[in-house]
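Numbering (the working numbering), first residue to last: 406 to 808.
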């Protein structure tokens, strides 16, 4: 394992060769302004105090670290613990970042926020923050994801957010980001773009990671309280990579802790059948940042697929690319079929419905636990609950739920 991990990003927003700002000049001023406001907020104890207040009293943090006894027994090896981000208000980790950025937006004095969303969880969390703080809000969502995530679309609209269905391209997350970026370029003076993952131009990857690091920081403390030491393995799913970045970042300096990111293996290795960016992509620029990107033979962004709407993204956060190259984090991928099986397994053994994104991490957790002794501890970032996926899972399993 490499010990060359440096504090990142540097002053240019680079994680080694990755990251940076690859954007039109129209956005450079807004990004510099955002960096200045974020640096000031980070150094302001009052800002952190206010964020902590909402995380505790509104979101319900700290989220629980739960020993999954029956899942452990099924795996037959290491003890499996679940970091229950599904118990947060709105049902996933996304709210941690949205509240942080919404408070920052308030500090900047901008009345409008926009966001992109894939699975709808970031959209719901953004709509929630907009309602809480009184912002105008517009969320961009690919038409295919609108179909898959009807419940989340209704929730956003119920909270006063306008949901824009994006019909261009593959009609999924990357197209939603493209449209949100276009909106931001045209409205940057009065609008803040709440990017939902550790992607995009600097300072977004750093900022989102910092707001999500509450996950890993709590996990470390809870492990000391419950098992008297750090875990042996920490596992999280990776799409853009915010839940995993928030879970991994506090552990990066703890070299005895193995970190594993799980991407979407989809239907197979063929181009367009998966979203395993770190396993099969190569460095390129996407959405304002240099990182690993899935590309076709002409160097264009490839089409991707996953049963999970939150993982079908052809890029990944630049810090994940840096962790891959430095070998601090191991990245693997899990098929649609295995993720669906894990959805059922966790539901039946633990009485907890995982999001399909989370289900990918559960597959790897069971595999890892089976190879290790009962003395070892595997922690999974249980990034979200599966309510949003019930219609899609039922459809794929040939069942029908009346709407």
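We put the CB at the ideal spot given by N, CA and C, even for glycine.
Note that the coordinates shown come from a computational prediction; the quantities given were computed from them, not determined experimentally.
Endpoints, the beta strand (DSSP E) within which residue i is located
i	result
residue 520	517 to 522
residue 696	694 to 698
residue 596	596 to 598
residue 843	Examination of residue 843 is not possible in this model, given that the chain is present from 406 through 808 alone.
residue 724	Run containing residue 724: none in the beta strand (DSSP E); it sits in the alpha helix (DSSP H), 723 to 730.
residue 689	687 to 691
residue 470	470 to 472
residue 571	567 to 571
residue 783	782 to 787
Residue i classed as buried or exposed, judged by whether at least 16 other C-beta atoms fall within 10 angstroms
i	result
residue 434	exposed
residue 780	exposed
residue 554	buried
residue 800	exposed
residue 671	buried
residue 846	One cannot answer for residue 846 here, as it falls past the ends of the chain, which runs 406 to 808.
residue 690	exposed
residue 431	exposed
residue 791	buried
residue 587	exposed
residue 762	buried
residue 445	exposed
residue 802	exposed
residue 806	exposed
residue 769	buried
residue 817	Outside the modelled stretch of the chain, which goes from 406 to 808, sits residue 817, for which no answer is possible.
residue 673	exposed
residue 415	exposed
Reference residue i; option with closest CA among the options
i	options	result
residue 740	578, 723 and 675	675
residue 669	795, 711, 463 and 789	711
residue 756	438, 476 and 445	476
residue 695	412, 762 and 426	426
residue 624	796, 762 and 489	489
residue 682	644, 692 and 665	644
residue 647	715, 598 and 596	715
residue 732	549, 501, 657 and 746	657
residue 509	466, 440, 547 and 533	440
residue 609	454, 700, 763 and 723	723
residue 687	461, 765, 729 and 661	729
residue 429	605, 613 and 785	605
residue 596	585, 603 and 419	585
residue 576	556, 497 and 548	548
residue 492	758, 744 and 766	758
residue 566	574, 639 and 538	538
residue 634	613, 659, 615 and 640	659
residue 738	767, 748 and 502	767
Alpha helix (DSSP H) segment containing residue i, residue limits
i	result
residue 748	741 to 755
residue 773	761 to 775
residue 485	Element bounds for residue 485: not the alpha helix (DSSP H) but the beta strand (DSSP E), 484 to 489.
residue 528	526 to 538
residue 676	First-last for residue 676: undefined, no H or E at that position.
residue 758	Element bounds for residue 758: n/a, residue is neither H nor E.
residue 798	795 to 801
residue 561	555 to 563
Residue i versus residue j: straight-line alpha-carbon distance, rounded
i	j	result
residue 525	residue 558	7 Å
residue 507	residue 776	43 Å
residue 617	residue 650	7 Å
residue 705	residue 753	42 Å
residue 611	residue 457	19 Å
residue 407	residue 684	Here the model assigns residue 407 a pLDDT of 43, short of 50, so the residue's position is not dependable and the matter cannot be decided.
residue 436	residue 772	42 Å
residue 478	residue 783	13 Å
residue 589	residue 746	40 Å
residue 417	residue 494	35 Å
residue 480	residue 513	49 Å
residue 571	residue 629	46 Å
residue 424	residue 528	24 Å
residue 540	residue 564	11 Å
residue 720	residue 652	19 Å
residue 546	residue 760	18 Å
residue 450	residue 505	14 Å
residue 663	residue 592	43 Å
residue 535	residue 413	30 Å
residue 448	residue 454	11 Å
residue 517	residue 461	25 Å
residue 698	residue 725	12 Å
residue 603	residue 474	32 Å
residue 470	residue 786	9 Å
residue 743	residue 642	14 Å
residue 485	residue 794	23 Å
residue 482	residue 778	5 Å
Closer than 8 Å to chain B by CB, residue i
i	result
residue 605	The structure shown has no chain B; it contains just one protein chain.
**OP:** Please go through the stretch 603 to 669 and give each complete beta strand (DSSP E) segment of 3 or more residues, from N-terminal end onward.
**Re:** 638 to 642
**OP:** Report the residue ranges of all alpha helix (DSSP H) runs contained in full by the stretch 445 to 471; include only those spanning at least 4 residues, in chain order.
**Re:** List check, alpha helix (DSSP H) in window: 450 to 459.
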